[in-house]
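If you're matching positions, the sequence shown starts at 1 in the UniProt record's numbering and goes up one per residue.
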Amino acid sequence: MRTPVVMTLGMVLAPCGLLLTLTGTLTPGWRLVKGFLDQPVDMVLYQGLWDMCREQSSRERQCGQPDDLGYFAAEPVRVARGLTITSLAATALGLLLATLGVRCWQDEPHFALAGLSGVVLFAAGLLSLIPVSWYNHFLADRAVLPAESSPVTVQVGYSLVLGYLGSCLLLLGGFSLALSFAPWCAERCRSCRKAPPGRARRSSISTVYVDWPEPALTPAIKYYSDGQHRPRPVQLGAASQRKVGFPMPRPPPKAYSNPVDVLDGENAPDSHHGGSSRSTRSCGSALPCDSDL
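Below you can see the structure in the form of structure tokens.
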């Protein structure tokens, strides 16, 4: 059996979503802060969930910057840490269940297990989308996510974009795998319909059973009412005795209406023996002749 399309699509989208979510969680690019007064113009500060890096065009990126404003203690950052880790763990569990459910090495997949993996992956996508959306909502709020005052500007980082993409791919992959429940549900409904009832149905109080006597029928009617196109026993016995040989055709009877009244094998009388023709016919027949009387 070929792997269904929904399973193939889910097995492709879910690992891609896991990779993007993992990259967005670990990289320090959730928010870009730039425009510092006492710093070079090209200096950019990358803030993430676990680290904070400083980058300049003329220097390499320097990570592990001190958090003077209490950025990591902000509520969106702390909630995002817990939800993203939970999302990654749920994604790994969903992919494991999907591998065991799809079973590309066998002919028949396990539809129920594949559908369950889709539900787990869909939940993992929600767990990843919630912190990303919440962080983006308070991105420019300096009271919730601390940052220096103007003219310092804050912008969306690449990690936040990767988190959005990874969450959407997890949602699509989980939904695609969850469609595997359809064949499983159809099979369950079909088996429930074919299964015999567990106990006999109780008769209603208004149900009355009447035992009518069987009407007396004549032997012929009773015989032919049992089945159709069956011969009578007499005919059946006669038909069982097979005849030997084959029937000979009988010649049709002949009728003579000629005025001479001549039988087969007799010659017609001449004109000068007109009187002897009757005696000849009479003597040649089976009746007695006049001469014998």
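In this text, a Cβ means the ideal position worked out from N, Cα and C, and glycines have one as well.
Of all C-beta pairs linking the stretch 5-12 to the stretch 174-187, three or more are shorter than 8 Å, placing the two stretches in contact.
Around the C-beta of P131, 16 or more other C-beta atoms lie within 10 Å, and the residue is accordingly described as buried. The Cβ neighbour count for V6, taken over all protein chains shown within 10 Å, is at least 16; the residue is labelled buried. Nearest C-alpha to G174 among C16, Y135, M52: C16. Comparing alpha carbon positions, the residue from A123, A186, Q47 closest to G64 is Q47. The beta carbon of L18 is closer than 6 Å to those of T91 in its chain, skipping five residues each way along the sequence. In the DSSP assignment, E55 is bridged to V44.
Under a 10 Å Cβ-count criterion, W105 is classified as exposed, with fewer than 16 other Cβ atoms of the shown protein chains found around its own Cβ. As the crow flies, the alpha-carbon of S57 is around 10 Å from that of V41. In this structure, K34 and L49 do not form a Cβ contact; the two beta carbons are roughly 20 Å apart against a cut-off of 8 Å.
Counting only residues of its own chain and dropping the five nearest sequence neighbours on each side, Y158 has a CB closer than 7 Å to the CB of G29. For A124 and S167, the gap between their C-alpha atoms comes out near 8 Å.
For the options L172, T25, R190, T3, the alpha carbon positioned closest to that of G82 is the one of T25. Straight-line spacing of the CA atoms in E148 and A89 works out to 35 Å. By the 16-neighbour rule on beta-carbons within 10 angstroms, R190 is exposed. Here DSSP, grouped into helix, strand and coil, assigns C104 to coil. By the 16-neighbour rule on beta-carbons within 10 angstroms, A80 is buried. Beta-bridge pairing by DSSP links L32 to Y46, Q155.
About 5 Å separates the Cβ atoms of L145 and F138, confirming a contact at the 8 Å cut-off. Sequence-distant partners of Q155 (beyond 5 residues in either direction) whose C-beta falls short of 6 Å from its own C-beta, in its chain, are L32. Residue Y71 holds the alpha-carbon nearest to the alpha-carbon of R142 among Y71, A98, S133.
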